Amino acid sequence: MLSRAAAIEAIAGQRFEVLVIGGGITGAGVALDAASRGYSVALLERGDYAEGTSSRSSKMVHGGLRYLQNLDLGLVREALLERQLMVQLAPHLVYPTPFLVPSFPEERRQRGLGIGLNMYDVMATTRVGRGRREMRSSKQEDEDFYWSPDRHRTIDRDEVLELVPALASRDPKDAYLFYDCQTDDVRLTFTVLGEAERFGAVMLNGAEVVEVLERGGKAAGVAFVEAGSGERIEVEADNVINATGVFADRIRPEETIEEEDVPRISPSRGTHVLIDRADLSTGDAACIVPAGEGRAIFALPWYGRTLVGTTDNDFEGDIDHPRPGEEDVAYLLDAVNDFFDVSLSERDLVGAYAGVRPLIATGDPKKSVDISRKAELYETSSGMLTITGGKLTTWRRMAKQTVDRLVEREGREAPCHTAEIPLGMEARPEDLEAPAGVGEEATGQLAFRYGHAARKVLALAREDAKLAEPIVPGRPDLLAEAVIAVRSEQARSVADVLLRRTRLGLLAAPQLRSVDSVRSVAAAMGGELGWSRREIKQAAEAWPAAAAEAGADPAAAAGRAG
Ligand SMILES: Cc1cc2nc3c(=O)[nH]c(=O)nc-3n(C[C@H](O)[C@H](O)[C@H](O)COP(=O)(O)OP(=O)(O)OC[C@H]3O[C@@H](n4cnc5c(N)ncnc54)[C@H](O)[C@@H]3O)c2cc1C
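Note that the sequence shown covers residues 0 to 561 in numbering that gives the first Met the number 0.
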């Protein structure tokens, strides 16, 4: 990625064919799709890339088994096909995980679930609806070329316990086993942004769009405020795309449409907590955990921790800074305590986060639609396109839908290529040359997170032994990543590094409570950004407030309360 200074220069006062507002997965996808079809593209992100919902998801690339219950078959099928494509396009970053739905001797077998899983299997196949000739002529004939999940099956007690030893005290009878995929949502966003840049897109964070400029009633660009200087900068654009997710209804040109036509978003909050695997481990598998009243949550392995989520409640708080709700945390803990027969409290948590889903109100209170899983594309009279809703999994389809609309209205011949564009470049951990002190856990994590670009991180660690040290003792994230975050990913604050470049703020919150614990990150960033000693000190001192704002450390809050 260009440095921020270079990006400002490349964007300010220029004209682009496509201007994307929002640097979450949807905006990143639109930038990649448009740039790869030959458009000149600029993308502006108000805060940090993926700072909104795209860093706060459950990190699953999945069809969404539970949407089958609502008979959202089209949505599930679409997401399952994207899941398969993502494993193929980003094999280092999107990986299959076995999911278990255990049952216990006192319970009756959930027949409905077996039927649902059969449908899930069938819908995941790329063969559905394709003629034999089409199959023969496509690469999909080559089974080895595409990852394709095994069909679901029932596993017996012994296999359940082999996969998830933590269930031993519950004495499970058997379990359904099926597959879905996991990722790091922020890394996926950065990887898509990186590809967009390869096709010529320019992107800038710390760039809040404050006005959509109009010419003759048509959206003709935007004005944004650059965070570093506070300067208002204008950019001209033939097409403006609003990809601001749950904030989509805040971007509105002075359009001549009825107020009822403007989508109004009322959000719902989803909370997640992270647990040390010494306290609760699901091994390499994920578990679906009943959470009362027919609801289910899950416990997943993620970056060496157990990730538990999620809730789904109307949220009237500050959507700019959603924090995990206390009752939501208690609800998640009650469910895992019951299910795994453990007694965990807030004090045992190593991290937490919350995200918000958009629910669109149409103006008529009886006609609210939950578009959080369905993507919605709006075109208003200024010509601005708003794309919101959908899923992390379906970003590519949402981007295609948006850019198809542009192409159609301009009468261009420009087909979408994103199904064939690899996302980053895979690297095998064993091929990465690590300096002394950097172990296999670190190289494995670097290969997952950066793919081939892991070599850049390791080169820095080789040049300077200090950068080969872990940011948090005992965790595999290297100080060199703080340098790369600034040099190649426009990181501006310690929070950018700890919450979104690495995910340490969520995975090791108790070890990051003191200003001292983050001084090395601030110093590494300062070296790149030319900060004075005072600025380095200020950057480190800003971290505790940022962590508190995100609600990343519920154990600290519980400690203070009790
Ligand atoms: C709790 C929860 C769990 C989820 N789990 C999953 C899952 O496991 N799998 C899955 O597939 N999907 C999941 N989703 C859905 C998925 O996370 C979202 O669909 C996706 O992240 C939305 O991305 P987005 O880019 O549209 O929005 P966002 O990521 O919110 O991006 C919008 C961006 O616009 C920026 N912005 C806002 N205003 C301005 C402005 N004026 N100027 C410039 N920039 C601006 C914001 O800062 C933000 O970065 C989950 C969602 C939630 C809430």
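Backbone N, C-alpha and C define an ideal beta-carbon position, used for all residues, glycine too. Note that this is a predicted model, so its numbers are computed, not measured.
Please look up how many angstroms separate the CB atoms of residue i and residue j, rounded, as I've assumed it's under 8 Å.
{"i": "D347", "j": "I274", "result": "7 Å"}
{"i": "M383", "j": "A218", "result": "4 Å"}
{"i": "A200", "j": "A30", "result": "4 Å"}
{"i": "R186", "j": "L92", "result": "6 Å"}
{"i": "A49", "j": "V40", "result": "Actually they are not in contact, since the Cβ atoms of A49 and V40 sit about 18 Å apart, beyond 8 Å."}
{"i": "P97", "j": "L176", "result": "6 Å"}
{"i": "A479", "j": "A467", "result": "7 Å"}
{"i": "K390", "j": "A9", "result": "No, K390 and A9 are not in contact; Cβ-Cβ is about 31 Å, not under 8 Å."}
{"i": "A67", "j": "V75", "result": "Here residue 67 is Leu; the residue named in the question, Ala, does not match the sequence. That belief holds up - the Cβ atoms of L67 and V75 are roughly 6 Å apart, short of 8 Å."}
{"i": "G220", "j": "E230", "result": "Not confirmed; about 16 Å, so no contact."}
{"i": "V517", "j": "L477", "result": "Rounded, the Cβ-Cβ distance is 15 Å, inconsistent with contact."}
What do you get for residue i, buried or exposed, if any count of 16 or more other CB atoms within 10 angstroms of its CB means buried?
{"i": "R110", "result": "exposed"}
{"i": "A277", "result": "exposed"}
{"i": "N204", "result": "buried"}
{"i": "F103", "result": "exposed"}
{"i": "L70", "result": "exposed"}
{"i": "L72", "result": "exposed"}
{"i": "D430", "result": "exposed"}
{"i": "T255", "result": "In this prediction, T255 has a pLDDT of 46, which is less than 50 and means its spatial position is unreliable; nothing more can be read from the coordinates."}
{"i": "A4", "result": "exposed"}
{"i": "I114", "result": "exposed"}
{"i": "Q400", "result": "buried"}
{"i": "A418", "result": "exposed"}
{"i": "E140", "result": "Because E140 sits at a pLDDT of 47, beneath the cut-off of 50, its placement in the model cannot be relied upon, and the following sentence gives the value as read from the coordinates. Label assigned to E140: exposed."}
{"i": "P171", "result": "buried"}
{"i": "S228", "result": "exposed"}
{"i": "R448", "result": "buried"}
{"i": "R304", "result": "buried"}
{"i": "D143", "result": "Because D143 carries a pLDDT of 43, less than 50, the predicted location of this residue cannot be relied on, and no value is offered for it."}
{"i": "G128", "result": "Summary for G128: the model assigns pLDDT 47, below 50, so the residue's position carries little reliability; its value from the coordinates is reported in the next sentence. G128 is exposed by the Cβ-count criterion."}
{"i": "N238", "result": "buried"}
{"i": "A551", "result": "buried"}
{"i": "E432", "result": "exposed"}
{"i": "K465", "result": "exposed"}
{"i": "G130", "result": "Confidence at G130 is low in this model, with a pLDDT of 48, below 50, so the placement of that residue is unreliable and no value is reported for it."}
Tell me where the beta strand (DSSP E) around residue i begins and ends.
{"i": "W301", "result": "295-301"}
{"i": "S102", "result": "94-102"}
{"i": "F223", "result": "217-225"}
{"i": "V573", "result": "No information on residue 573 is available, as it lies outside the stretch 0 to 561 that the chain covers here."}
How would you write the range of the alpha helix (DSSP H) that residue i sits in, first residue to last?
{"i": "K455", "result": "453-462"}
{"i": "A479", "result": "479-488"}
{"i": "D173", "result": "Careful: D173 lies outside any alpha helix (DSSP H), inside the beta strand (DSSP E) at 173-181."}
{"i": "N117", "result": "110-123"}
{"i": "G525", "result": "518-528"}
{"i": "P543", "result": "532-549"}
{"i": "I24", "result": "24-35"}
{"i": "Q510", "result": "Taken as a continuous stretch (DSSP letters only), Q510 belongs to no alpha helix (DSSP H), as it is neither H nor E."}
{"i": "T379", "result": "Unbroken run through T379: none, as it is neither H nor E."}
{"i": "Y330", "result": "325-339"}
{"i": "R395", "result": "394-409"}
{"i": "R65", "result": "64-68"}
{"i": "T501", "result": "Looking at the DSSP string, T501 is not in any alpha helix (DSSP H), and its letter there is neither H nor E."}
{"i": "M85", "result": "72-88"}
Relative to the C-alpha of residue i, which candidate in the options has its C-alpha closest?
{"i": "I240", "options": "A490, I20, V482, S2", "result": "I20"}
{"i": "L332", "options": "G354, I296, P300", "result": "I296"}
{"i": "A545", "options": "G504, A290, R356", "result": "G504"}
{"i": "W301", "options": "V121, A467, L506", "result": "L506"}
{"i": "T153", "options": "V100, L192, D170, D184", "result": "V100"}
{"i": "A284", "options": "D311, E230, Y94", "result": "Y94"}
{"i": "G308", "options": "T442, I318, A290, R372", "result": "A290"}
{"i": "R356", "options": "F339, E194, P321", "result": "P321"}
{"i": "T190", "options": "R156, E540, A89, A508", "result": "A89"}
{"i": "F339", "options": "S265, R169, R408, H451", "result": "R169"}
{"i": "L64", "options": "V86, M118, T385", "result": "M118"}
Per DSSP, which one or two residues make a beta bridge with residue i?
{"i": "M202", "result": "L42"}
{"i": "H271", "result": "G308, Y352"}
{"i": "G388", "result": "A374"}
{"i": "T153", "result": "Y175"}
{"i": "F15", "result": "A236"}
{"i": "C286", "result": "L99, A298"}
{"i": "P469", "result": "L477"}
{"i": "I20", "result": "L43, N241"}
{"i": "D184", "result": "In the DSSP output, where bridge partners are listed per residue, D184 has none listed."}
{"i": "M59", "result": "Q181"}
{"i": "V211", "result": "V221"}
{"i": "R3", "result": "Answer is none; R3 lacks a bridge partner."}
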